[in-house]
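Structure, as structure tokens:
2 protein chains.
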Amino acid sequence: MTKSVLKLSRETTMKRSNTQKLKDALEEDIINGQLLPGAKLDHDALAAKYGVSRTPIREAIQQLVVSGLVTVKAKKGTFVAKVGFDQLIEMFEVMAELEGMCGRLAARRIQPDELEALRAALYRCEDPDVMSDPDDYYYENEEFHSCIYAASHNSFLASEARQLKQRLKPYRRLQLQTRNRVSTSVSEHRRIFEAIEKGKEFEAEQQLKEHVLIQGTRFSDFMSQVKAFGHTSQDAS
Amino acid sequence: MTKSVLKLSRETTMKRSNTQKLKDALEEDIINGQLLPGAKLDHDALAAKYGVSRTPIREAIQQLVVSGLVTVKAKKGTFVAKVGFDQLIEMFEVMAELEGMCGRLAARRIQPDELEALRAALYRCEDPDVMSDPDDYYYENEEFHSCIYAASHNSFLASEARQLKQRLKPYRRLQLQTRNRVSTSVSEHRRIFEAIEKGKEFEAEQQLKEHVLIQGTRFSDFMSQVKAFGHTSQDAS
DNA sequence: TTGTTGTATATTGTTGTCAATAGGAATTGA
DNA sequence: TCAATTCCTATTGACAACAATATACAACAA
Chain Z
1 MTKSVLKLSR ETTMKRSNTQ KLKDALEEDI INGQLLPGAK LDHDALAAKY
51 GVSRTPIREA IQQLVVSGLV TVKAKKGTFV AKVGFDQLIE MFEVMAELEG
101 MCGRLAARRI QPDELEALRA ALYRCEDPDV MSDPDDYYYE NEEFHSCIYA
151 ASHNSFLASE ARQLKQRLKP YRRLQLQTRN RVSTSVSEHR RIFEAIEKGK
201 EFEAEQQLKE HVLIQGTRFS DFMSQVKAFG HTSQDAS
Chain F
238 MTKSVLKLSR ETTMKRSNTQ KLKDALEEDI INGQLLPGAK LDHDALAAKY
288 GVSRTPIREA IQQLVVSGLV TVKAKKGTFV AKVGFDQLIE MFEVMAELEG
338 MCGRLAARRI QPDELEALRA ALYRCEDPDV MSDPDDYYYE NEEFHSCIYA
388 ASHNSFLASE ARQLKQRLKP YRRLQLQTRN RVSTSVSEHR RIFEAIEKGK
438 EFEAEQQLKE HVLIQGTRFS DFMSQVKAFG HTSQDAS
């Protein structure tokens, strides 16, 4: 693993501290599956890999602990958080509620231009070319949901939902491989869109809740996939 | 301000790092109003006050930034987060949703012993002696809501709700001084309890949402009080 | 074989110091 | 009097060395 040494070189226009850059880099690796739940994060190794001292690494890791992505076991090392079953279910339950709330508020508050943006996002999701490519669909799906977040006109809610979604992302990967996932998702999107378009708060909320909860596959299927992933039921927090 | 030097002496049974103790101490000061929103947190001053070096303070502050209680303005200093109006409203909106969700789940999942605990908490809230003392009532009120959290059987939800409540606490203080607050709150509690007892999910959810949102006082009253507190509409995040 | 004790090592916590950066003030010129 | 430039200082970020602590492992004894 000799690559990605000094990934911290990019500078857009903002000046960011090494700690922040480290935090983002680790976060991304965790979310995108480069670092799997349970993987050990060795301070010295990371310090060497990124060419910085241990302090920024300590601080970055501590911040990730606060946001729940990693856990430190005293004198045992720091590891990518591995959330147990029960908590995973609990988190999805909350995620569904937040998404549902976004939908309800969006149905009530969406503005004409936002509605058109949402419609455009829906159309892109329904494009056969997009549907056939998992990466493309993943991106457009995110866009669709982002539109709903924006339309909820509650930026705090949006950021909370986004944060929780990120935290769940390492485990959501498992769902996407289910058969017919995409086509099911698309038809759910259409129902969600129509509910929002017509201002049906309750229906938008319900549709979104289900969209998150069952994610087009039976929940037991999902559970068994998670089980197969090798979790027992410990840690996190 | 010579007091509280080395508040970090208490040891229950756990060993906690200075950073963690600092974080808790600052958190508590912020939540309990010792440190008002907008107050400056001087690293050196804190280092002197608590008798530690600057590093634990740095780290504690960084963690508080992640959880949203403080903000750092580049090269200007770090300050207790002062959330603006709009975001305050947004946060209350989310808080209401989470509380409502707790109530809904509790109505569906509460166990006999939990129901009795909730009933007992309700009775304590209704005790005239308790109602007459703001501090007592505050405590018992917290207990009542804690029972609902527990009965939701979703510990993740409970911790998220608790965290958000803490973050709002500096501003909730303003509500408690409203006339008839306690007696209104108590009767709301009874309605909430009855809804949960009878398993009426929807009603429990609605009651709790309103309980949080209007908090017995008209929202505009609350808003004007907040305004009087001296916020304009900046920072946070 | 099992239990205990001691040592070694890995990991985390703390400190003092240095460097860089941005804000503000003061001085100088018009 | 006003504006611009320069210098000073407050503040944050980073580092390396030091210290403390708990765990793991091995050796030894019962």
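Residue numbers (our numbering), protein chains in the order written: chain Z, 1 to 237; chain F, 238 to 474.
Virtual Cβ for every residue (Gly too), placed ideally from N, Cα, C.
All figures in this text were calculated on a predicted structure; none of them were measured in a lab.
Out of curiosity, what's the CA-to-CA distance linking residue i and residue j?
i: G408 of chain F; j: E379 of chain F; result: The sequence as given places Tyr at residue 408 of chain F; Gly does not occur at that position. If you take the alpha carbons of Y408 of chain F and E379 of chain F, they lie about 16 Å apart.
i: A107 of chain Z; j: F393 of chain F; result: 27 Å
i: A25 of chain Z; j: A151 of chain Z; result: 30 Å
i: A336 of chain F; j: S304 of chain F; result: It should be noted that the sequence gives Glu, not Ala, for residue 336 of chain F. Approximately 20 Å, taken between the alpha carbons.
i: S246 of chain F; j: A161 of chain Z; result: Bear in mind that a pLDDT of 39 at S246 of chain F, under 50, signals an unreliable position, so the number given afterwards is only what the model happens to contain. Taking the straight line from one Cα to the other gives about 38 Å.
i: G216 of chain Z; j: T184 of chain Z; result: Residue confidence is low: G216 of chain Z scores 35 on pLDDT, short of 50, so the model does not pin down where it sits. Its coordinate-derived value is still stated next. Straight-line Cα distance between these residues: approximately 6 Å.
i: H382 of chain F; j: A441 of chain F; result: 13 Å
i: Y138 of chain Z; j: N18 of chain Z; result: 30 Å
i: I148 of chain Z; j: L208 of chain Z; result: 10 Å
i: D364 of chain F; j: Q443 of chain F; result: 25 Å
i: R181 of chain Z; j: E188 of chain Z; result: 11 Å
i: A432 of chain F; j: L118 of chain Z; result: 38 Å
i: Q34 of chain Z; j: M368 of chain F; result: 55 Å
i: T292 of chain F; j: A284 of chain F; result: 9 Å
i: K23 of chain Z; j: R16 of chain Z; result: 11 Å
i: K49 of chain Z; j: I57 of chain Z; result: 11 Å
i: R190 of chain Z; j: N154 of chain Z; result: 23 Å
i: L273 of chain F; j: P37 of chain Z; result: 39 Å
i: D366 of chain F; j: K21 of chain Z; result: 55 Å
i: A120 of chain Z; j: F193 of chain Z; result: 11 Å
i: I347 of chain F; j: D370 of chain F; result: 30 Å
i: G199 of chain Z; j: A39 of chain Z; result: 45 Å
i: S159 of chain Z; j: E28 of chain Z; result: 17 Å
i: Y136 of chain Z; j: A311 of chain F; result: For the record, residue 136 of chain Z in the displayed sequence is Asp; it is not Tyr. Each residue's Cα considered, the two are about 38 Å apart.
i: E434 of chain F; j: D323 of chain F; result: 36 Å
i: P112 of chain Z; j: E353 of chain F; result: 50 Å
i: N269 of chain F; j: Y123 of chain Z; result: 50 Å
Determine the contact status of residue i and residue j, defining contact as a CB-CB distance below 8 Å.
i: K210 of chain Z; j: R104 of chain Z; result: Residue identity differs from the one stated: residue 210 of chain Z is Glu in this sequence, not Lys. No, Cβ-Cβ distance for E210 of chain Z and R104 of chain Z is not below 8 Å.
i: Q300 of chain F; j: Q62 of chain Z; result: yes
i: I309 of chain F; j: V302 of chain F; result: Residue identity differs from the one stated: residue 309 of chain F is Val in this sequence, not Ile. It is a contact, given that the beta carbons lie within the stated cut-off.
i: L69 of chain Z; j: I30 of chain Z; result: yes
i: E296 of chain F; j: E140 of chain Z; result: no
Am I right that residue i and residue j are in contact with their C-beta atoms under 8 Å? What's the rounded C-beta distance?
i: L164 of chain Z; j: V52 of chain Z; result: Not a contact, Cβ separation roughly 30 Å.
i: L405 of chain F; j: M328 of chain F; result: 6 Å
i: V186 of chain Z; j: C102 of chain Z; result: In fact, because the Cβ distance is near 19 Å, the residues do not count as touching under 8 Å.
i: E351 of chain F; j: E97 of chain Z; result: That belief does not hold up - the Cβ atoms of E351 of chain F and E97 of chain Z are roughly 21 Å apart, past 8 Å.
Quick check on DSSP: helix, strand or coil for residue i?
i: K198 of chain Z; result: coil
i: K402 of chain F; result: helix
i: S470 of chain F; result: Any answer about S470 of chain F is weak, because its pLDDT of 40 lies below 50 and its placement is not dependable; what the coordinates show is given next. Three-state result, S470 of chain F: coil.
i: G103 of chain Z; result: helix
i: L41 of chain Z; result: strand
i: K495 of chain F; result: Lying before the first or after the last residue shown, residue 495 of chain F is absent from chain F, which here runs from 238 to 474.
i: V317 of chain F; result: strand
i: K446 of chain F; result: helix
i: K15 of chain Z; result: coil
i: V52 of chain Z; result: coil
query = Quick one: any contact between the stretch 273 to 284 of chain F and the stretch 303 to 320 of chain F, if contact means 3 or more CB pairs under 8 Å?
reply = yes
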